[in-house]
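**Student:**
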Amino acid sequence: LQFNSVGGLMASTSDLDRQIQQLRECKLITENEVKALCAKAREILIEESNVQCVDSPVTVCGDIHGQFFDLLKLFEVGGDVPDTNYLFLGDFVDRGYYSIETFLLLLALKVRYPDRITLIRGNHESRQITTVYGFYDECLRKYGSPLVWRQCTEIFDYLCLSAIIEDKIFCVHGGLSPHIETLDQIRTIDRKQEVPHEGPMCDLLWSDPEDTNGWGVSPRGAGFLFGADTVANFNRVNDLDLICRAHQLVMEGRRWHFNKTVLTVWSAPNYCYRCGNVAAIFKLDENLTQDFAIFEAAPQVSLRISLFRSRGFGLSSGRLGAGANCMWRPRSVCFLLRTRAQSFLLEVTLTII
Numbered sequence: 001l002q003f004n005s006v007g008g009l010m011a012s013t014s015d016l017d018r019q020i021q022q023l024r025e026c027k028l029i030t031e032n033e034v035k036a037l038c039a040k041a042r043e044i045l046i047e048e049s050n051v052q053c054v055d056s057p058v059t060v061c062g063d064i065h066g067q068f069f070d071l072l073k074l075f076e077v078g079g080d081v082p083d084t085n086y087l088f089l090g091d092f093v094d095r096g097y098y099s100i101e102t103f104l105l106l107l108a109l110k111v112r113y114p115d116r117i118t119l120i121r122g123n124h125e126s127r128q129i130t131t132v133y134g135f136y137d138e139c140l141r142k143y144g145s146p147l148v149w150r151q152c153t154e155i156f157d158y159l160c161l162s163a164i165i166e167d168k169i170f171c172v173h174g175g176l177s178p179h180i181e182t183l184d185q186i187r188t189i190d191r192k193q194e195v196p197h198e199g200p201m202c203d204l205l206w207s208d209p210e211d212t213n214g215w216g217v218s219p220r221g222a223g224f225l226f227g228a229d230t231v232a233n234f235n236r237v238n239d240l241d242l243i244c245r246a247h248q249l250v251m252e253g254r255r256w257h258f259n260k261t262v263l264t265v266w267s268a269p270n271y272c273y274r275c276g277n278v279a280a281i282f283k284l285d286e287n288l289t290q291d292f293a294i295f296e297a298a299p300q301v302s303l304r305i306s307l308f309r310s311r312g313f314g315l316s317s318g319r320l321g322a323g324a325n326c327m328w329r330p331r332s333v334c335f336l337l338r339t340r341a342q343s344f345l346l347e348v349t350l351t352i353i
């Protein structure tokens, strides 16, 4: 029985390693594999706290937003899992073209190395938001049904709301809430639900720092704007040195606020494939000494396509950039070409320029 148990564990680990490698190549795993992966992830995430404790050294990463090849670039710059301990601050999905591959790779790494990667929830880890900003449509397009979307959005409900590094650095996707004064109040929130439209859980995922005093109305329509005085009080009450958060695009990849008591980290370079920003990751050693690694977007992809007339359907040669709506693989790309009457699946080679 012991042998069978160990053998079963080894087989499971082997399957997981294969799936991780497959996802690294930007190849989808099957719907059944997604279901099994989410079930394993749920068992791990349900044991984590709303304020998950994270040991140093650690590398903190901001928004990714489905920019899969930029996530691979991040791992090149920061080191691979499990060699590097990572904390991701949410917003894994939406807007980019590879939200499924991005989230499933991070989730598979979490299952494989649960103590070496921490995933917290962003405001886009939400059923309502993902139906508007791309993740839902991507799941339909790539899997042909909403089942994978449902599996993933259920996992969103189990992601922790925040993390704390060595009891000194509070990490959250958005920011503070007028309903929260202590970390213990965050620990009592029932997080296993869709992101509410208001209240403390909503605020943690939606709020932003602002050069003001007290609290302000957020132009986002959710969360609050919070000023230097609210940060000073929160840090004093909870004996914190720093609040590290994501949620806002900053062109330089990172930005300090309020005399370096709040830090915004952004990890999606050339956001939405057009903003021209660089990305950053925040590196903390075992003594909490701070450093940043800055990186640019992964190389653009140039495609030269030649199609000949077939069944009354014709296209001349064309050139497409990385913003094209396609499913990348390491050396080939698939396009779904539609006419009013027919659809064609075309696979062509690509070159990196």
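The sequence shown begins at 1 in UniProt numbering and counts up by one. Using N, Cα and C, we set each Cβ at its ideal position, and we do this for glycine too. Source: prediction; values computed, not measured.
Answer yes if the segment 147-159 comes into contact with the segment 268-288, meaning at least three C-beta pairs across the two stretches below 8 Å, and no otherwise.
**Tutor:** No, they do not touch.
**Student:** What's the gap between the Cα of A41 and the Cα of F88?
**Tutor:** By one-based count along the sequence shown, residue 41 stands at place 41. By one-based count along the sequence shown, residue 88 stands at place 88. Computed Cα separation, rounded: 16 Å.
**Student:** So the candidates are C160, S99, T118 and L161; which of them puts its Cα closest to the Cα of R141?
**Tutor:** Numbered from 1 along the sequence shown, position 141 holds the residue referred to as residue 141. That would be S99, whose Cα lies nearest to the Cα of R141.
**Student:** If distances are taken between C-alpha atoms only, which option among C38, L71 and V51 comes closest to K110?
**Tutor:** Sequence index remark: in the sequence shown, residue 110 carries index 110 (1-based). Answer by Cα proximity: C38.
**Student:** Taking 6 Å as the limit between beta carbons, can you name the residues of its chain near S126, skipping five residues before and five after?
**Tutor:** The residue labelled residue 126 in the question sits at position 126 within the sequence shown. If we look at S126 and ignore the five residues flanking it on each side, its Cβ neighbours are V195.
**Student:** Is it the case that the Cβ atoms of H179 and G90 are separated by a distance below 8 Å?
**Tutor:** Looking up residue 179 in the sequence shown gives position 179. Looking up residue 90 in the sequence shown gives position 90. Cβ distance not < 8 Å, so H179 and G90 don't count as in contact.
**Student:** Taking the alpha carbon of D167 as the reference point, which residue from F295, C53 and S12 has its own alpha carbon closest?
**Tutor:** Sequence index remark: in the sequence shown, residue 167 carries index 167 (1-based). Nearest C-alpha to D167: C53.
**Student:** Can you give the Cα-Cα distance for T131 and D137, rounded to whole angstroms?
**Tutor:** Within the sequence shown, the letter at position 131 stands for residue 131. Within the sequence shown, the letter at position 137 stands for residue 137. Roughly 7 Å between the two C-alpha positions.
**Student:** Looking at the structure shown, is Q290 part of a helix, part of a strand, or coil, going by DSSP?
**Tutor:** Position 290 of the sequence shown, counting from 1, holds the residue named residue 290. Here Q290 sits in strand by DSSP.
**Student:** What residue does the beta strand (DSSP E) around G216 start on, and which one ends it?
**Tutor:** Here residue 216 corresponds to residue number 216 of the sequence shown, with the count starting at 1. W215 to V217 is the span of the beta strand (DSSP E), which, as asked, contains G216.
**Student:** Between D94 and F135, how many whole angstroms is the CB-CB distance? I'm expecting something under 8 Å.
**Tutor:** Residue 94 sits at position 94 when you count from the first residue of the sequence shown. Residue 135 sits at position 135 when you count from the first residue of the sequence shown. Right, their Cβ atoms sit about 5 Å apart.
**Student:** Output the distance between the C-alpha atoms of N277 and G96, rounded to the nearest integer angstrom.
**Tutor:** To locate residue 277, count along the sequence shown from 1; it is residue 277. To locate residue 96, count along the sequence shown from 1; it is residue 96. Taking the straight line from one Cα to the other gives about 15 Å.
**Student:** Tell me whether K73 is buried or exposed, calling it buried when 16 or more other Cβ atoms sit within 10 Å of its Cβ.
**Tutor:** What you label residue 73 is simply residue 73 of the sequence shown in a count that begins at 1. Buried: at least 16 other Cβ atoms inside 10 Å.
**Student:** May I ask you to list the residues that DSSP assigns as paired with A279?
**Tutor:** Taking the sequence shown and counting its residues from 1, the one referred to as residue 279 is at position 279. F295.
**Student:** Which residues share a DSSP beta bridge with residue 364?
**Tutor:** This structure does not reach residue 364, given that the chain is present from 1 up to 353, and the question cannot be answered.
**Student:** Looking only at DSSP bridge pairs, what is R245 linked to?
**Tutor:** Mapped onto the sequence shown, residue 245 falls at position 245. Paired residues: T264.
**Student:** Considering just the uninterrupted stretch of the alpha helix (DSSP H) at Y143, what are its terminal residues?
**Tutor:** Position 143 of the sequence shown holds residue 143. Residues F135 to Y143.
**Student:** In whole angstroms, what separates the C-alpha of N213 from that of R254?
**Tutor:** Locating residue 213 in the sequence shown gives position 213, counting from the first residue. Locating residue 254 in the sequence shown gives position 254, counting from the first residue. Approximately 23 Å between the Cα atoms of the pair.
**Student:** Taking the beta strand (DSSP E) that F224 falls in, what are its first and last residues?
**Tutor:** By one-based count along the sequence shown, residue 224 stands at place 224. First-last of the beta strand (DSSP E) with F224: F224 to F226.
**Student:** Would you report the Cα separation of L225 and P209, rounded to the nearest angstrom?
**Tutor:** Within the sequence shown, the letter at position 225 stands for residue 225. Within the sequence shown, the letter at position 209 stands for residue 209. Rounded to the nearest angstrom, the two C-alpha atoms are 6 Å apart.
**Student:** For F292, collect the residues of the same chain with a Cβ closer than 8 Å to its Cβ; drop the 5 residues on either side in sequence, then sort them by chain order.
**Tutor:** Reading the sequence shown from its first residue, position 292 is the one you call residue 292. Only G253, R254, A280, I281, F282 and K283 meet the Cβ criterion.
**Student:** For the segment 16-50, which segments carrying the alpha helix (DSSP H) assignment without a break, of at least 4 residues, lie completely within its bounds, in sequence order?
**Tutor:** Correct list: 31-45.
**Student:** Measuring only the C-alpha atoms, how far is E227 from W215?
**Tutor:** To locate residue 227, count along the sequence shown from 1; it is residue 227. To locate residue 215, count along the sequence shown from 1; it is residue 215. The amino acid occupying residue 227 in the given sequence is Gly; Glu does not appear at that position. So the alpha carbons of these two residues sit roughly 6 Å apart.
**Student:** Does E198 have its Cβ less than 8 Å from a Cβ in chain D?
**Tutor:** In the displayed structure, chain D is absent; only one protein chain is listed.
**Student:** Hey, would you say V51 sits closer than 8 Å to I165, going by beta carbons?
**Tutor:** In the sequence shown, counting from the first residue as 1, residue 51 sits at position 51. In the sequence shown, counting from the first residue as 1, residue 165 sits at position 165. No, the Cβ-Cβ distance between V51 and I165 is not below 8 Å.
**Student:** Since S162 contacts I120 with CB under 8 Å, what's their CB separation in whole angstroms?
**Tutor:** Sequence index remark: in the sequence shown, residue 162 carries index 162 (1-based). Sequence index remark: in the sequence shown, residue 120 carries index 120 (1-based). S162 to I120, Cβ: 6 Å. Contact.
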